[in-house]
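Asker:
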Amino acid sequence: MSESTQTGHHLIQLYDIPSTFPRKAWSLNTWRARFALGFKGLRHKTVWVEYPDISPKMQSIGASPTSKKRDGSSMYTVPVIADFHVEGDRPTVVSDSWKIALYLDKTYPDAPTLLPPGTKGLQKSYIDWVEDYIFDPLFPVLLRNTTYGLNPPSAEFYRRTREAWLGKTLEEYMPIGPKSEEALDKVKKNLTKLAAFLDQNATEENEHPMFIMGHQLSYGDLVLAGIFMWFKISSEEHIWNRIKDCNDGRWVRFLQTIDDKYGEVD
Numbered sequence: 001m002s003e004s005t006q007t008g009h010h011l012i013q014l015y016d017i018p019s020t021f022p023r024k025a026w027s028l029n030t031w032r033a034r035f036a037l038g039f040k041g042l043r044h045k046t047v048w049v050e051y052p053d054i055s056p057k058m059q060s061i062g063a064s065p066t067s068k069k070r071d072g073s074s075m076y077t078v079p080v081i082a083d084f085h086v087e088g089d090r091p092t093v094v095s096d097s098w099k100i101a102l103y104l105d106k107t108y109p110d111a112p113t114l115l116p117p118g119t120k121g122l123q124k125s126y127i128d129w130v131e132d133y134i135f136d137p138l139f140p141v142l143l144r145n146t147t148y149g150l151n152p153p154s155a156e157f158y159r160r161t162r163e164a165w166l167g168k169t170l171e172e173y174m175p176i177g178p179k180s181e182e183a184l185d186k187v188k189k190n191l192t193k194l195a196a197f198l199d200q201n202a203t204e205e206n207e208h209p210m211f212i213m214g215h216q217l218s219y220g221d222l223v224l225a226g227i228f229m230w231f232k233i234s235s236e237e238h239i240w241n242r243i244k245d246c247n248d249g250r251w252v253r254f255l256q257t258i259d260d261k262y263g264e265v266d
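Per the UniProt record's numbering, residue 1 is the first one in the sequence shown, and the count goes up by one each step.
1) Which residue marks the beginning of the alpha helix (DSSP H) containing residue 61, and which one marks its end?
2) Is it the case that the stretch 28 to 44 contacts the stretch 93 to 106, given that we only count it when at least three CB pairs across the two stretches are under 8 Å?
3) To the nearest angstrom, report how far apart residue 44 and residue 97 are at their CA atoms.
4) Just how far apart, CA to CA, sit residue 151 and residue 232?
5) When you compare only the Cα positions, how much space is there between residue 163 and residue 132?
6) How about residue 255: is its Cβ closer than 8 Å to a heavy atom in the ligand GDP?
7) Using the Cβ count rule (16 or more neighbours within 10 Å means buried), how would you classify residue 127?
8) Between the C-alpha atoms of residue 33 and residue 100, what's the straight-line distance to the nearest angstrom?
9) Return the chain-ordered list of same chain residues with a C-beta closer than 6 Å to the C-beta of residue 20, the five sequence neighbours on each side being excluded.
10) Using alpha carbons as the reference points, say which of 46, 210, 95 and 139 lies closest to residue 182.
In C-alpha cells:
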C-alpha cells in the first residue's frame, strides 16, 4: 500500500457521540472530521460512544487526551480516528479534529488537500473567527437544546457536567426568549460580515464564492459547515430557519454543497 491510498479492506474508524436526532451525528467537532474524511475520499466507519464511556474507551485504544480538567486530570474527547492502514498492525490513533486534518494530509497526500501548503495560518485565523463570531453567540442556546436529543446515559452526563462547570442549570444559562433572539441577531450580523469578506474572492464567473479560498474547498470551510450542522440538527427550528434566510440563502447552499458530497453517516 502506498502512503496515499487505502487497501481494499482498509477502513478508518471515526469515534462519535450518538443522539436521537434524525442524522444521529450532531457534534460540530466530529462533523469536521467526518467531512474531512469524505473530502479526501477515505472509507470510514463510525464507532458510536456514549458520553460516560468516552474516557475509558479512548484510554483503551491509546488515544491521547485533548486537554486537562479543572482538577488537573486528563480529559478525553471526540473526534478520534483509528487508522488501520497496515493490516494486522495496531492502528494509528489520532485525537482532535485539527490534528486529524494534519494527519490525513500527511498520510494521504495524493487525496485532495485539506490544508494547502502555506495556508495553515490563514486556516487557523479563519477558524478562530468563525468560532468566536458565528459559533460562540449561539453556544448557550445549543448547549441547552442538545441535551434534549441525547440518549439517556449521555443526556444525564452532559447536563450534570455542564451545569457543574456553569454553576447553574442549562435553562438558567440561556432562558428561552429575548436572549436567544439577541444571540441570533448577532450571528446574522456576523454572517453578513463573513459574506462580505468571502466576496473579496469574487471573479467574473463567481460573484459570491462560498469558500475561504474562493472556488477551492479547504479545511476552514469544513469547520464552518460543522458549526452549521450543529445549528441545523440541535437548535430549535426557527433558529435554523432564520439562518437559512440570511444573505439570500447563501449559507444553506454552502452547507448543502458540503453535506451532500461529504456528509454521509454510516
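Beta carbons: idealized from backbone N, C-alpha and C, even for Gly.
Computed from a prediction, not measured in an experiment: that's the story for all the values here.
Answerer: Let's see:
1) As a working note, residue 61 is residue 61 in the sequence shown. Per DSSP, residue 61 belongs to the alpha helix (DSSP H) from 54 to 61.
2) Between the stretch 93 to 106 and the stretch 28 to 44, the count of Cβ pairs shorter than 8 Å is three or higher; the stretches touch.
3) Walking along the sequence shown from the start, residue 44 turns up at place 44. Walking along the sequence shown from the start, residue 97 turns up at place 97. Residue 44 and residue 97: Cα-Cα distance of roughly 15 Å.
4) Here residue 151 corresponds to residue number 151 of the sequence shown, with the count starting at 1. Here residue 232 corresponds to residue number 232 of the sequence shown, with the count starting at 1. One C-alpha to the other measures close to 19 Å.
5) Taking the sequence shown and counting its residues from 1, the one referred to as residue 163 is at position 163. Taking the sequence shown and counting its residues from 1, the one referred to as residue 132 is at position 132. Approximately 22 Å, taken between the alpha carbons.
6) The ligand GDP is absent from the structure shown, which contains no ligand whatsoever.
7) Position 127 of the sequence shown holds residue 127. Buried, because 16 or more other Cβ atoms sit within 10 Å of the Cβ of residue 127.
8) Within the sequence shown, numbered from 1, the residue matching residue 33 stands at position 33. Within the sequence shown, numbered from 1, the residue matching residue 100 stands at position 100. If I take the Cα positions, the gap works out to 7 Å.
9) Here residue 20 refers to the residue found at position 20 when the sequence shown is read from its first residue. Counting only residues of its own chain and dropping the five nearest sequence neighbours on each side, residue 20 has a CB closer than 6 Å to the CB of 149.
10) On the sequence shown, residue 182 is found 182 positions in, with the first residue counted as 1. For residue 182, the nearest C-alpha among the options comes from 139.
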